[in-house]
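A.B. asks: In UniProt numbering, the protein residues as written are 1 to 350. Quick one: structure below, then a few questions.
Below you can see the structure in the form of structure tokens.
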């Protein structure tokens, strides 16, 4: 699916928004959308989104050194990969500082400390990084945290970021007695859309992310073929929805999801157990769960995964907001850790 581009189809922002409204007004009269949204409410929601400035956040112009060539992923190469990425982060931190991005420089120095291990790293653009928490080689189960929109290297360690989320999930699993049986991977292996971009309502970034996730999980088998659980937050659940049919996972847990790009669990074409949870104060509940084709571009991500009709196993996500699922002490984090360590029978229902 091509990413949405109003310039490509010859429309300015206001004309494009008008086109969205016109298209939606042609839907069956009086059609009620999920969550009680009427046709006109959906039109306003998407039309407003269509007028948002689509450029990403401004970045300082930084000249980074070429990244080292990493050996193929294997048990024997892990230490070398970790060391090469750590050295590359140290160098990139100095270059970011020199280039005027003090926040990124500070983050990179934190990421490069001796007890952190990265399978891959790239500082260009918004940045990418894949971190391992725990013993990847000997783990009996592996959880992969797939983050949503607005995540970059600069906020990698935030409570909703892949690094902060992976650490919190692993720590909660330790509290539940997992010991060395679980490794968690914080996977910023794709380019999440900016939260202030129309791309956050389309499949383009998710489809690219799904391809990257499939490739990564195939490589991961060379290190450890243990069962994999996907932990998918917000737009990351769209990525997991697009990847589900092509990856081998025992469980897929989505939280704060705007939809998975399908109408039901059956449409995912996966043998994985699919879980869904949403915090009581998560505003994502107000997003219309529909999918509309506009000039060859899909807007929206289909039915609501926490709707019983969707067919997912629902878990209690507490009363938190959109960024609170992996916050230490939350019922959502406890339930997600139980799923990750294979104790799904202990997960509490909403």
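Every residue, glycine too, gets a C-beta built ideally from N, C-alpha and C. All figures in this text were calculated on a predicted structure; none of them were measured in a lab.
Are the CB atoms of residue 290 and residue 231 within a distance shorter than 8 Å?
C.D. replies: The residue given as residue 231 occupies position 231 in the chain shown. The residue given as residue 290 occupies position 290 in the chain shown. No.
A.B. asks: Under the three-state reduction of DSSP, which class applies to residue 386: helix, strand or coil?
C.D. replies: The structure shown does not extend to residue 386, since the chain is modelled only from 1 through 350, so no value can be given for it.
A.B. asks: What are the start and end residues of each continuous beta strand (DSSP E) run of 3 or more residues lying completely inside the stretch 219 to 299, in chain order?
C.D. replies: For the stretch 219 to 299, whole beta strand (DSSP E) runs of length 3 or above, ordered along the chain, are 228 to 233, 251 to 255, 273 to 277, 292 to 294, 297 to 299.
A.B. asks: With a CB to CB cut of under 6 Å and the five nearest residues on each side skipped, what residues in its chain are close to residue 86?
C.D. replies: Taking the chain shown and counting its residues from 1, the one referred to as residue 86 is at position 86. The answer, listed in chain order, is 112.
A.B. asks: Quick check: what's the CA-CA separation for residue 227 versus residue 105?
C.D. replies: As a first step, residue 227 must be located in the chain shown, where it is residue number 227. As a first step, residue 105 must be located in the chain shown, where it is residue number 105. Residue 227 and residue 105: Cα-Cα distance of roughly 35 Å.
A.B. asks: Pull up the CB-CB distance for residue 238 and residue 315, whole angstroms please, since I reckon it's below 8 Å.
C.D. replies: Along the chain shown, read from residue 1 onward, the residue named residue 238 stands at position 238. Along the chain shown, read from residue 1 onward, the residue named residue 315 stands at position 315. Not confirmed; about 19 Å, so no contact.
A.B. asks: Taking the Cβ atom as the reference point for each residue, do residue 149 and residue 235 lie within a distance shorter than 8 Å?
C.D. replies: By 1-based counting over the chain shown, the position of residue 149 is 149. By 1-based counting over the chain shown, the position of residue 235 is 235. Taking 8 Å as the Cβ cut-off, residue 149 and residue 235 qualify as a contacting pair.
A.B. asks: Exposed or buried, residue 334, counting other C-beta atoms within 10 Å across all chains shown (16 or more means buried)?
C.D. replies: In the chain shown, the residue the question calls residue 334 occupies position 334. Per the 10 Å Cβ criterion, buried.
A.B. asks: So, does the stretch 183 to 203 touch the stretch 126 to 143, judging by three or more C-beta pairs under 8 Å?
C.D. replies: The stretch 183 to 203 is in contact with the stretch 126 to 143.
A.B. asks: Quick check: what's the CA-CA separation for residue 219 versus residue 339?
C.D. replies: Taking the chain shown and counting its residues from 1, one reaches residue 219 at position 219. Taking the chain shown and counting its residues from 1, one reaches residue 339 at position 339. When rounded, the distance between both Cα atoms is 23 Å.
A.B. asks: To which residues does DSSP link residue 187 through a beta bridge?
C.D. replies: Within the chain shown, numbered from 1, the residue matching residue 187 stands at position 187. Its beta-bridge partners are 130.
A.B. asks: Going by DSSP, what residue range makes up the alpha helix (DSSP H) through residue 200?
C.D. replies: Taking the first residue of the chain shown as 1, we reach residue 200 at position 200. Premise fails: residue 200 is in no alpha helix (DSSP H) and is neither H nor E.
A.B. asks: Can you tell me whether residue 110 is buried or exposed, with buried defined as 16 or more other CB within 10 angstroms of its CB?
C.D. replies: Locating residue 110 in the chain shown gives position 110, where the first residue counts as 1. Exposed, because fewer than 16 other Cβ atoms sit within 10 Å of the Cβ of residue 110.
A.B. asks: My understanding is that residue 319 touches residue 280, with C-beta atoms under 8 Å, so please give their C-beta distance in whole angstroms.
C.D. replies: Position 319 of the chain shown, counting from 1, holds the residue named residue 319. Position 280 of the chain shown, counting from 1, holds the residue named residue 280. At roughly 4 Å, the Cβ-Cβ gap stays under 8 Å, so residue 319 and residue 280 are in contact.
A.B. asks: For residue 254 and residue 272, which I take to be in contact (beta-carbon distance under 8 Å), what is that distance rounded to the nearest angstrom?
C.D. replies: As a working note, residue 254 is residue 254 in the chain shown. As a working note, residue 272 is residue 272 in the chain shown. Rounded, the Cβ-Cβ distance is 11 Å, inconsistent with contact.
A.B. asks: Buried or exposed: residue 269, going by 16 or more other Cβ atoms within 10 Å of its Cβ?
C.D. replies: Here the question's residue 269 lines up with position 269 in the chain shown. By the neighbour-count rule (16 or more Cβ atoms within 10 Å), residue 269 is not buried but exposed.
A.B. asks: What first and last residue would you give for the alpha helix (DSSP H) that runs through residue 81?
C.D. replies: In the chain shown, residue 81 corresponds to position 81, counting from 1. Element bounds for residue 81: 78 to 98.
A.B. asks: Between residue 82 and residue 122, which are expected to be in contact by the criterion C-beta below 8 Å, what is the C-beta distance as a whole number of angstroms?
C.D. replies: Working through the chain shown from its first residue, we reach residue 82 at position 82. Working through the chain shown from its first residue, we reach residue 122 at position 122. Not confirmed; about 15 Å, so no contact.
A.B. asks: Under 8 Å between the Cβ atoms of residue 191 and residue 129?
C.D. replies: In the chain shown, counting from the first residue as 1, residue 191 sits at position 191. In the chain shown, counting from the first residue as 1, residue 129 sits at position 129. No, the pair does not count as a contact, with Cβ atoms beyond the cut-off.
A.B. asks: From residue 241 to residue 208, what does the alpha carbon distance come to, in whole angstroms?
C.D. replies: For the purposes of this step, residue 241 is taken as residue 241 along the chain shown, with counting starting at 1. For the purposes of this step, residue 208 is taken as residue 208 along the chain shown, with counting starting at 1. Each residue's alpha carbon lies about 12 Å from the other.
A.B. asks: Can you tell me whether residue 98 is buried or exposed? The criterion is at least 16 other CB atoms within 10 Å of its CB, across all chains shown.
C.D. replies: Against the chain shown, residue 98 aligns to sequence position 98. With fewer than 16 other Cβ atoms within 10 Å, it is exposed.
A.B. asks: Output yes or no for whether 8 Å exceeds the beta carbon distance between residue 305 and residue 259.
C.D. replies: To locate residue 305, count along the chain shown from 1; it is residue 305. To locate residue 259, count along the chain shown from 1; it is residue 259. Result yes, Cβ atoms of residue 305 and residue 259 sit closer than 8 Å.
A.B. asks: Counting only the same chain and skipping the five closest in sequence on each side, list residues whose C-beta sits under 6 Å from that of residue 157.
C.D. replies: By 1-based counting over the chain shown, the position of residue 157 is 157. Only 163, 164 meet the Cβ criterion.
A.B. asks: Tell me the residue span of the beta strand (DSSP E) that contains residue 108.
C.D. replies: Along the chain shown, read from residue 1 onward, the residue named residue 108 stands at position 108. Run containing residue 108: none in the beta strand (DSSP E); it sits in the alpha helix (DSSP H), 102 to 111.
A.B. asks: Please tell me whether residue 68 and residue 78 are closer than 8 Å, where the distance is taken between their beta carbons.
C.D. replies: One-based indexing of the chain shown puts residue 68 at position 68. One-based indexing of the chain shown puts residue 78 at position 78. No. Outside cutoff.
A.B. asks: Can you name the start and end residues of the alpha helix (DSSP H) that residue 166 belongs to?
C.D. replies: For the purposes of this step, residue 166 is taken as the residue at position 166 of the chain shown. Run containing residue 166: 162 to 175, per the alpha helix (DSSP H) assignment.
A.B. asks: Please state whether the Cβ-Cβ distance between residue 93 and residue 108 is less than 8 Å.
C.D. replies: The sequence position of residue 93 within the chain shown is 93, counting from 1. The sequence position of residue 108 within the chain shown is 108, counting from 1. Yes, Cβ-Cβ distance for residue 93 and residue 108 is below 8 Å.
A.B. asks: Return the residue from the list 327, 177, 263 that minimises the CA-CA distance to residue 303.
C.D. replies: Against the chain shown, residue 303 aligns to sequence position 303. Among 327, 177, 263, the Cα nearest to that of residue 303 is on 263.
A.B. asks: Does DSSP put residue 216 in a helix, a strand or coil?
C.D. replies: Numbered from 1 along the chain shown, position 216 holds the residue referred to as residue 216. DSSP places residue 216 in helix when its eight states are reduced to three.
A.B. asks: Would you tell me roughly how many angstroms separate the C-alpha atoms of residue 328 and residue 168, rounded to the nearest one?
C.D. replies: Here residue 328 is taken as the residue at index 328 of the chain shown, counted from 1. Here residue 168 is taken as the residue at index 168 of the chain shown, counted from 1. One C-alpha to the other measures close to 6 Å.
A.B. asks: So what does DSSP say about residue 345, is it helix, strand or coil?
C.D. replies: The count along the chain shown starts at 1 and reaches residue 345 at position 345. Reduced to three states, the DSSP call for residue 345 is helix.
A.B. asks: Kindly indicate which residue of 100, 345, 326, 194 has the alpha-carbon position closest to the one of residue 171.
C.D. replies: Within the chain shown, numbered from 1, the residue matching residue 171 stands at position 171. Cα-wise, what sits closest to residue 171 is 326.
A.B. asks: Using only alpha-carbon positions, find the residue among 96, 229, 201 that is nearest to residue 213.
C.D. replies: For the purposes of this step, residue 213 is taken as residue 213 along the chain shown, with counting starting at 1. The candidate whose alpha carbon is nearest that of residue 213 is 229.
A.B. asks: Starting from the C-beta of residue 52, find all residues in its chain whose C-beta is less than 8 Å away, skip the five residues before and the five after it, and write them out in chain order.
C.D. replies: Reading the chain shown from its first residue, position 52 is the one you call residue 52. Low confidence applies to residue 52: its pLDDT is 35, below 50, so where it sits in the model is not reliable, and the reading given next is rough at best. Hits under 8 Å: 196, 197, 198.
A.B. asks: Alpha carbon to alpha carbon, what distance is there between residue 62 and residue 100?
C.D. replies: For the purposes of this step, residue 100 is identified with residue 100 of the chain shown, where counting begins at 1. For the purposes of this step, residue 62 is identified with residue 62 of the chain shown, where counting begins at 1. Looking at the two C-alpha atoms, the distance is approximately 8 Å.
A.B. asks: Just the Cα atoms here: how many angstroms apart are residue 114 and residue 200?
C.D. replies: Taking the first residue of the chain shown as 1, we reach residue 114 at position 114. Taking the first residue of the chain shown as 1, we reach residue 200 at position 200. About 35 Å.
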